[in-house]
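Take a look at the structure set out below.
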Amino acid sequence: MANHTFRQPLGSIEVDMVSLYGALTIGASGAITASSGKGWTAARTSTGKYTITLDGSYSAFMWGDAKIMNSALSDPTTVGIYANTFSEAVSSTTPTVVFQFVALDDGAAADPASGATVHFKIDVRNSSVS
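Mapping to the working numbering: the sequence shown position 97 is 98, numbers consecutive.
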């Protein structure tokens, strides 16, 4: 554990914000071989597309971002893949956020390399009060 004093809550103009964090370890053919985090499950649904299913519904999607970390690559310009937040349905009965990874050169769907870790953050609002 970090030896720091952490102060909460984080100030926000938005009401009742919740941040969900996660990490996905990627194996061959983009398969998820391990994951860590709370409040969600993850599945690869097609090339470069990862669906995060939330454990509960929220009133609003505020932000989603995913980054690839691959220690095997020493030059970050050779990664060549980035993530788009493809869709969200956080207030549905099956709440999801979908990240789509694409190649930088042509925009085609692309899986992160085997051995890479995908780190993501999803911010949602847990109140209908605005």
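Glycine included, each C-beta is placed from N, C-alpha and C at the ideal position.
Residue(s) in a DSSP beta bridge with residue i
i: Y22; result: K122
i: G158; result: Residue numbering for the chain in the displayed model covers 2 to 131; residue 158 lies beyond these limits and cannot be assessed.
i: E89; result: V98
i: V103; result: Y83, A110
i: A44; result: T52
Sequence-distant residues of its chain with Cβ nearer than 6 Å to residue i (five each side left out)
i: W64; result: D124
i: D66; result: K122
i: S37; result: A24
i: V130; result: V16
Proximal residues to residue i (C-beta, below 7 Å), its chain only, five neighbours per side dropped
i: A126; result: For the sequence presented, residue 126 should be read as Arg rather than Ala. If we look at R126 and ignore the five residues flanking it on each side, its Cβ neighbours are E15, V16, D17, M18, Y59, S60, A61, M63.
i: G49; result: G31, Q101, F102, V103, A110, A111, D112
i: G28; result: T34, S115
Reference residue i, options the options, closest by Cα
i: A90; options: T34, A110, T52, S115; result: T52
i: L21; options: G40, F100, T86, K50; result: G40
i: G116; options: A109, M70, A43; result: M70
i: V103; options: A24, T94, T86, T95; result: T86
i: T95; options: V130, A111, G57, A114; result: G57
Close beta carbons around residue i, own chain, < 8 Å, minus the five adjacent residues each side
i: S13; result: none
i: T97; result: T52, I53, T54, L55, S88, E89, A90, V91
i: K68; result: A84, V119, H120, F121
i: T79; result: In this prediction, T79 has a pLDDT of 49, which is less than 50 and means its spatial position is unreliable; nothing more can be read from the coordinates.
i: A32; result: R45
i: S128; result: V16, D17, S60
i: A35; result: L25, T26
i: S134; result: Examination of residue 134 is not possible in this model, given that the chain is present from 2 through 131 alone.
i: A43; result: G23, L25, I33, S36, Y51, T52, I53, T54
Residue span of the beta strand (DSSP E) that contains residue i, given as start and end
i: G65; result: 61–70
i: I53; result: 50–55
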